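Residue numbering for the sequence shown follows full-length UniProt numbering, starting at 1 and increasing by one per position.
Ideal Cβ positions, reconstructed from N, Cα and C, are used throughout, including at glycine.
Predicted model, so just to flag it, every value in this text is computed and none were measured.
Worksheet: the structure to be examined is printed underneath.
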Amino acid sequence: MLFSTIQKLLNLNLHGGSWFKLVQQRHLTTQYDFVVIGGSPGGLAAAKEASSLGAKVALLDYKPPEPIDIERGVGGVNITANFVSKNLMHQAALLRDSLNDAKWYGWKLGDRIDHSWECLRHAIQNHIQSQEKISQLELVNKQVECINGMATFKNPSTLHFVTYRGEHDITARYFLIAVGTKPLYVDIFGASEYGITSDEIFSLLRPPGRTMVIGAGHTGMECAGVLNGLGYETTVMVKSIALRNFDQQMAGIVRSEMQNQGVQFLDKCIPKNIKKSSNGRYVVSWTNIANEVFKKEYDTVVSAVGRRAVTKELRIDKAGVVTSDSRGRISTVNEQTNVPHIFAVGDILYNKPAVTPVATLAGTLLARRLFGSSDIQMDYENVPTILLTPLEYGFIGLTEEKALSLYDENKIEIYHSYYKPTEFFIPKRSINNCYLKVIALREDDQQVLGMHYIGPKAGEILQGFSTAIKCNLTIKTLMDTVGIHPTLAEEFTRLNVTKRSGKDPKPASCCS
Numbered sequence: 001m002l003f004s005t006i007q008k009l010l011n012l013n014l015h016g017g018s019w020f021k022l023v024q025q026r027h028l029t030t031q032y033d034f035v036v037i038g039g040s041p042g043g044l045a046a047a048k049e050a051s052s053l054g055a056k057v058a059l060l061d062y063k064p065p066e067p068i069d070i071e072r073g074v075g076g077v078n079i080t081a082n083f084v085s086k087n088l089m090h091q092a093a094l095l096r097d098s099l100n101d102a103k104w105y106g107w108k109l110g111d112r113i114d115h116s117w118e119c120l121r122h123a124i125q126n127h128i129q130s131q132e133k134i135s136q137l138e139l140v141n142k143q144v145e146c147i148n149g150m151a152t153f154k155n156p157s158t159l160h161f162v163t164y165r166g167e168h169d170i171t172a173r174y175f176l177i178a179v180g181t182k183p184l185y186v187d188i189f190g191a192s193e194y195g196i197t198s199d200e201i202f203s204l205l206r207p208p209g210r211t212m213v214i215g216a217g218h219t220g221m222e223c224a225g226v227l228n229g230l231g232y233e234t235t236v237m238v239k240s241i242a243l244r245n246f247d248q249q250m251a252g253i254v255r256s257e258m259q260n261q262g263v264q265f266l267d268k269c270i271p272k273n274i275k276k277s278s279n280g281r282y283v284v285s286w287t288n289i290a291n292e293v294f295k296k297e298y299d300t301v302v303s304a305v306g307r308r309a310v311t312k313e314l315r316i317d318k319a320g321v322v323t324s325d326s327r328g329r330i331s332t333v334n335e336q337t338n339v340p341h342i343f344a345v346g347d348i349l350y351n352k353p354a355v356t357p358v359a360t361l362a363g364t365l366l367a368r369r370l371f372g373s374s375d376i377q378m379d380y381e382n383v384p385t386i387l388l389t390p391l392e393y394g395f396i397g398l399t400e401e402k403a404l405s406l407y408d409e410n411k412i413e414i415y416h417s418y419y420k421p422t423e424f425f426i427p428k429r430s431i432n433n434c435y436l437k438v439i440a441l442r443e444d445d446q447q448v449l450g451m452h453y454i455g456p457k458a459g460e461i462l463q464g465f466s467t468a469i470k471c472n473l474t475i476k477t478l479m480d481t482v483g484i485h486p487t488l489a490e491e492f493t494r495l496n497v498t499k500r501s502g503k504d505p506k507p508a509s510c511c512s
């Protein structure tokens, strides 16, 4: 039976939605225990968990029939464009530095190192398709009824959806909205006609060439870092502050490193329009703080100015669900909306971390509360975050600004240090921006409130420390921990300089 299921999946035409049609050939029950709207990571996790607990589950996820790489069905736009593609592209960019380092370690490489955008894109798209097939197989094995259809709420207890076979209604005890978000275009002439969004940059059929990234938030900075790392001239237009919602000292260091590696920044600038020139390139016009007008040609113009929740399309107003901002995001309490039997997870939530692992765990825990005997709720505090810039930035807990807004300055101690990654020594790579800091209370054993790190492998290093913070890590415990030598993570156990002391946080040698 399992072999037969796998064979069916392997023979699917992903772009045509054949797998969904296969499922739809069965009789569709109109009443379910749990209907999940959207194939985002949180929705998939909730659907599979609810079904494994005995609930009758349907998952509605619209997959267009055209072969559009950036709008996929099961898995959602987050897992494809924003996470899988971005992470793999980031790894490709890091490999350029590794190849340069290899020469210093005795490896004999040619004088010229070339990169094929087409080859990289093809490999990533193949990987994404294989991941989609795995997701589809898991849903089949979990007996989740999957429907490829455009859904809208008819009333609080009924969904109306359209498939290739016609129109249908579906009801359920509980609904889960997990539709994810879509990127916004900057609001100027030519942005949507001649530009692309941050979702599309990683699936371009052609190399991006000289690129303008409009927006210096999380996504914009990551896109710029990747493109620059792959060898494309990249400029970031900053309207106000780069990485506004991050610790600003760390954000400044990230930006400084990106500038050192060749990324150009246009500060306090506002885009005016995008026009196509006679040579096929795109002319971007902008003004600076002095209202001077500038223009320059680019091969690619990327809007990275935020995202909106795909909730308006669902007509959630007919279900009575209230949104909390102009971008359609929903406020929830333990994933429950203002309508008791309608829930929401993922980056459509208002003022919650918009990252895949959060959505996945929240969806799983919700299903266990609804259909199991669990009462465990999602903890949205102290979620570790990674910024995939050339030197990665990871943090857990409070930023320095947030800590100082919550506590008196005399009640906070900030430990910090620059450090020297051993692997940077031989290739003589710059260590100027390798930096970390720990924010803690001054009293008693000094409970840790936040940990920040800029350097290689930030995510791998901070994952374990995120568990420690959840277990109420203190500075005393951190200092009593034996570090693994020589590693980057041990630098946290060697912190001894505080900002209050005024001492130089730069080590005199690798052994200091």
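Residue range of the unbroken alpha helix (DSSP H) whose run includes residue 128:
Annotation: the continuous alpha helix (DSSP H) that includes residue 128 extends over 117-141.
Among 50, 32, 40, 242, which one has its Cα closest to the Cα of residue 374?
Among 50, 32, 40, 242, the Cα nearest to that of residue 374 belongs to 50.
So, do the segment 362-370 and the segment 35-50 have three or more beta carbon pairs nearer to each other than 8 Å?
The segment 362-370 is in contact with the segment 35-50.
Quick check: residue 543 and residue 179, are their CB atoms within less than 7 Å of each other?
Given a span of 1 to 512 for the chain in the structure shown, any question on residue 543 remains unanswerable.
Considering only the beta carbon of each residue, do residue 228 and residue 234 sit closer than 7 Å?
Yes, the Cβ-Cβ distance between residue 228 and residue 234 is below 7 Å.
C-alpha distance - residue 17 paired with residue 139, whole-angstrom precision
Confidence is the limiting factor: at residue 17 the pLDDT is only 40, short of 50, which leaves the residue's position unreliable, though a coordinate-based value still follows. Rounded to whole angstroms, residue 17 to residue 139 spans 15 Å at the Cα level.
Nearest candidate by alpha-carbon position, reference residue 93, set 125, 110, 116, 103
Selected option, being the one with the closest Cα: 116.
Hey, residue 276 and residue 185 are a contact pair by Cβ (cut 8 Å); roughly how many whole angstroms apart?
Not really, about 16 Å apart at Cβ, beyond 8 Å.
Report buried or exposed for residue 286, applying the criterion of at least 16 other Cβ atoms within 10 angstroms of its Cβ.
Counting of Cβ neighbours within 10 angstroms places residue 286 among the buried residues, the total reaching 16 or more.
Do the segment 322-338 and the segment 159-170 meet, that is, are 3 or more Cβ pairs less than 8 Å apart?
Note that the segment 322-338 does not touch the segment 159-170; fewer than 3 beta-carbon pairs, one per stretch, sit closer than 8 Å.
Among 498, 161, 438, 86, the one whose alpha carbon lies nearest that of residue 313:
The option with the nearest alpha carbon to residue 313 is 161.
When the Cα atoms are used, what is the spatial distance from residue 259 to residue 389?
Cα to Cα, the separation comes out at about 11 Å.
Tell me the rounded alpha-carbon separation between residue 123 and residue 198.
In a straight line, the C-alpha of residue 123 is about 19 Å away from that of residue 198.
Sub-7 Å separation of residue 212 and residue 350 beta-carbons:
At a Cβ-Cβ threshold of 7 Å, residue 212 and residue 350 do not count as neighbours.
With respect to the alpha helix (DSSP H) encompassing residue 304, which residues constitute its N-terminal and C-terminal limits?
Premise fails: residue 304 is in no alpha helix (DSSP H) and is neither H nor E.
From residue 488 to residue 354, what does the alpha carbon distance come to, in whole angstroms?
If you take the alpha carbons of residue 488 and residue 354, they lie about 28 Å apart.
With the cut-off set at 7 Å, would you say residue 505 and residue 419 are in Cβ contact?
Result no, Cβ atoms of residue 505 and residue 419 do not sit closer than 7 Å.
Assuming the contact rule is C-beta atoms closer than 8 Å, residue 458 and residue 394 should be a hit. Round their C-beta distance to whole Å, please.
Right, their Cβ atoms sit about 3 Å apart.
Can you list, in chain order, the residues of its chain with a C-beta nearer than 6 Å to that of residue 435? Leave out the 5 residues immediately preceding and following it.
Cβ neighbours of residue 435 beyond the five flanking positions: 253, 418, 454.
Measure the beta-carbon distance from residue 55 to residue 145 and round it to whole angstroms, keeping in mind my assumption that it falls under 8 Å.
Beta-carbon to beta-carbon, residue 55 and residue 145 are separated by about 11 Å, too far to satisfy the 8 Å threshold.
Drop a sphere of 10 angstroms on the beta-carbon of residue 380, count the other beta-carbons inside from all chains shown, and report buried for 16 or more, exposed for fewer.
Classification of residue 380: exposed, given that the 10 Å Cβ count is below 16.
Taking the CB atoms as reference points, tell me whether residue 208 and residue 232 lie closer together than 7 Å.
A contact, by the Cβ cut-off of 7 Å.
Please classify residue 165 as buried or exposed, where buried requires at least 16 other C-beta atoms within 10 Å of its C-beta.
So residue 165 ends up on the exposed side.
When you compare the CB positions of residue 407 and residue 498, do they come within less than 7 Å of one another, or not?
No, Cβ-Cβ distance for residue 407 and residue 498 is not below 7 Å.
Tell me the DSSP secondary structure of residue 361 in three-state form.
In the three-state reduction of the DSSP assignment, residue 361 falls in the helix class.
What does DSSP give as the partner residue(s) for residue 273 in the beta ladder?
Residue pairing by DSSP places residue 273 opposite 189, 285 in a beta bridge.
Buried/exposed call for residue 352, threshold 16 Cβ in 10 Å:
Buried is the call here.
Any idea if residue 230 is buried or exposed, counting beta-carbon neighbours within 10 angstroms, 16 or more meaning buried?
Taking all protein chains in view, the Cβ of residue 230 is crowded by 16 or more other Cβ atoms within 10 Å, so the residue is classified as buried.
Per the DSSP calculation, residue 416 is bridged to which residue(s)?
Residue 416 is bridged to 437.
Our contact map puts residue 219 next to residue 102 with C-beta atoms below 8 Å; I'd like the distance itself, whole angstroms only.
Contact flag wrong, Cβ pair sits at about 31 Å.
Rounded to the nearest angstrom, what separates residue 223 and residue 372 at their Cα positions?
Their backbone Cα atoms lie some 41 Å apart in a straight line.
Span separating the alpha-carbon of residue 261 from that of residue 181:
The straight-line gap separating the alpha-carbon atoms of residue 261 and residue 181 is approximately 31 Å.
In angstroms with no decimal places, state the Cα-to-Cα distance between residue 376 and residue 335.
Approximately 12 Å, taken between the alpha carbons.
Using the rule of at least 16 other Cβ atoms within 10 Å of the residue's Cβ for burial, across every protein chain shown, is residue 508 buried or exposed?
Counting every other CB atom within 10 Å of its CB across the protein chains shown gives residue 508 a total below 16, marking it as exposed.
Residue ranges of each alpha helix (DSSP H) run of no fewer than 4 residues wholly in the segment 25-57, ordered along the chain?
Taking only runs of at least 4 residues, the alpha helix (DSSP H) segments lying wholly in the segment 25-57 are 41-52.
Where the alpha helix (DSSP H) through residue 465 begins and ends:
Taken as a continuous stretch (DSSP letters only), the alpha helix (DSSP H) holding residue 465 covers 458-470.
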